[in-house]
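Using my numbering, read the sequence shown as starting at 35 and increasing by one per residue.
To keep things clear, I will list the structure first and then write my remarks on it.
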Amino acid sequence: MKLPSMKNLRALFSFSPVCWPADRYSDLTLATRIADLSQDYPGEIRDYLAQYPATRHVDIYLTDIHGTFRGKRVSVESLFSLARGCYFPQSVYAMDREGKVLSQPEGDNLSDEPDMLCLPVPGTLRPCAHDPQHNAQLLLTMQAPDGSAHALEPRVILEKVLHTFHRHGLYPVVAPEIEFYLVAKTATPTRGQGCYQMAVPSAHGAFIEALETMAAAQRLPLSGIVCEAEDGQFELNLRHSHRVVDICENVLALRRLTSTVAEQFGYQANFMAKPFTQLAGNGLHFHVSLNDIHGNNVFASPADELNEMARLCLAGMLHLMPASVAVMAPGVNAFRRLRKTLSEPLFNSWGFNKRSAALRIPCSGEGDRRIEYRLAGADANPYLVMATILTGMLYGLENMDDEAIARVTRTPPPLPLFQQAALDAFAQEPYLTAHLGEIFTRHWTHSRLSELAWFESIVTREESALAC
């Protein structure tokens, strides 16, 4: 496919008319979902109960800024009335990882915990991994007092960034990969045979089969489970999709499902970014490309080459990457994964078929050209990670020219290796913070600094030993 010149490309992107595709490429916004709720939701309930007639309870939940499920259990009789909504406190988005409400930036009222209307998200009624015949789960989305989407909800933040692409007839296609360690709670660890081993250790076989079965029951598009190089480390692959918001929801659902199934077999599924000092960390990688309204990959190009669209997006992501690290690495532990030493990064800038690259161009056919974003840790919130990645692509499409592309790809900006520096870079990058939202930016920075201050107040055993 012949692409326009840089000048014409900028004009095409800046001034192309709003053009929504057929439902094959529509990634429904919150407003559309709510408008269709009365029509779709009752049928979804009836179909679900026909398949699981013994259902007694439903776990209704929101996902907080950490990607943690926050909700409660209700009776199955409540399902139909949920179409009118239910209420959760706005402070769900102001909690730390332990569920405690943080103090808020001056002028905000989240600590007052006002209740907000929450509505079901169609397509998310699924069986729970724990006793699926009797228990279901259902995702909710929160409204602001004026009826608009809530600015602090990570799902909504991603939807808004996607809407900018869709206005211009561009449709991101993504495929995530999530790494984790399967840690035995009581049994002796089983030694594997390294990366891509074909024979999964028998101690893990039953777990893998149960995980695949439940993923299918929850309609999670799990395409493969790969053994990584470290003993007990696995990678979960999801099929590529243009339904970016749903894919991110699937990442969170799969993360929770994996933990639940692991517990049933006496294991712990560890999704920490760097759970073990001497072993490889856990990443959340996203393969990203862009389709036009006809389904053509606008990154399509010969091997070892990048066309103009891919170069613009790559350069934009590199430009915003120092600020983006504050989202990709949400806590102190995640920064341990991003560096070899205190002064040497583990991931370099970008490269073809290079796994040490932060942005890797994988081997592929011309029509499957894509960019793999490898910085995020497995504990990061996929909605926020994806919104940040796409904002970087937007920056390149809207702001960069040939000279800027050459400069940033030749000498990418250095990445912060500590959380304080990353948060400083984040706060000083207006393009990224504007697209993620002023309110979210303020709360994210405040919550990360609060957690960092708590962490730095702890005197570790190692410090005490050194003082003796």
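Note that beta-carbon positions come from the ideal geometry of N, C-alpha and C, so glycine has one too.
Item, Value
"Which word fits ARG118, buried or exposed, when buried means at least 16 other C-beta atoms lie within 10 angstroms of its C-beta?", "exposed"
"Which of the three DSSP states is assigned to ILE259 in this structure?", "strand"
"Indicate the three-state DSSP secondary structure (helix, strand or coil) for LYS106 in the structure shown.", "strand"
"Whose C-alpha, out of TYR429, PRO446, LEU457, ILE492, is nearest the C-alpha of VAL195?", "TYR429"
"Helix, strand or coil: how does DSSP classify ASN284 here?", "helix"
"From GLY471 to GLY329, what does the alpha carbon distance come to, in whole angstroms?", "30 Å"
"In angstroms, rounded to a whole number, what distance separates the CA positions of ALA128 and GLY181?", "20 Å"
"Put ARG373 into one of helix, strand or coil per three-state DSSP.", "strand"
"Candidates GLY399, ALA170, TYR465, ILE212: which alpha carbon is nearest HIS353's?", "TYR465"
"Which whole runs of the beta strand (DSSP E) in the region 394 to 465 are 3 residues long or more, in chain order?", "405 to 407"
"With H, G and I counted as helix, E and B as strand and the rest as coil, what does DSSP make of ALA240?", "helix"
"Less than 6 Å between C-beta atoms, sequence neighbours within five positions excluded: which residues of the same chain meet that for SER275?", "ILE281"
"Below 6 Å CB to CB, which residues in the same chain sit around PRO364 once its five sequence neighbours on both sides are set aside?", "ALA414"
"Would you report the Cα separation of GLN4 and LEU153, rounded to the nearest angstrom?", "The chain is shown from 35 up to 502; residue 4 falls before or after that span and cannot be answered."
"Helix, strand or coil for ALA218, going by three-state DSSP, please let me know.", "strand"
"At what residues does the beta strand (DSSP E) containing PRO123 begin and finish?", "120 to 123"
"Is DSSP giving HIS353 helix, strand or coil here?", "helix"
"What do you get for GLY133, buried or exposed, if any count of 16 or more other CB atoms within 10 angstroms of its CB means buried?", "exposed"
"So, with DSSP's three-state summary, where would you put MET362?", "helix"
"Pick helix, strand or coil for ASN169, following the three-state DSSP scheme.", "strand"
"My understanding is that MET420 touches VAL278, with C-beta atoms under 8 Å, so please give their C-beta distance in whole angstroms.", "6 Å"
"Quick check on DSSP: helix, strand or coil for ARG160?", "strand"
"Do LEU272 and ALA163 have their CB atoms nearer than 7 Å?", "no"
"In the structure shown, what three-state DSSP assignment does ALA392 receive?", "strand"
"Taking the beta carbon of PRO448 as the centre, do at least 16 other beta carbons fall within 10 Å, making it buried, or is it exposed?", "exposed"
"Quick one: measure Cβ to Cβ for TYR82 and ALA170, integer angstroms, because I've assumed they're closer than 8 Å.", "7 Å"
"Between LYS388 and ILE405, what straight-line distance do the alpha-carbon atoms span, to the nearest angstrom?", "11 Å"
"Could you say which of LEU372, ALA360, THR494, HIS168 lies nearest to ASP458 if we only look at CA atoms?", "ALA360"
"If I measure Cβ to Cβ from LEU324 and keep anything under 8 Å in the same chain, skipping five residues before and after, which residues do I get?", "PHE199, LEU204, TYR205, PRO206, VAL207, ASN331, VAL332, PHE333, MET343, CYS347, MET427"
"Distance check for PHE386 and ASP338, CA to CA, integer angstroms please.", "7 Å"
"Does DSSP put ASP338 in a helix, in a strand, or in coil?", "coil"
"Starting from the C-beta of PHE452, find all residues in its chain whose C-beta is less than 7 Å away, skip the five residues before and the five after it, and write them out in chain order.", "PHE369"
"Flag this pair as yes or no: are the beta carbons of ILE94 and PHE474 separated by less than 7 Å?", "no"
"For LEU418, which residues from the same chain have a beta carbon less than 6 Å from its beta carbon, with the 5 sequence-adjacent residues on both sides left out?", "PRO188, VAL361"
"Could you check how far apart the C-beta atoms of GLU262 and GLU211 are, in whole angstroms? I think they sit under 8 Å.", "Not quite, the Cβ-Cβ distance comes to about 10 Å (not below 8 Å), so this is no contact."
"Return the Cβ separation of LEU96 and PHE122 in integer angstroms, given the expectation that the two are a contact with Cβ distance under 8 Å.", "6 Å"
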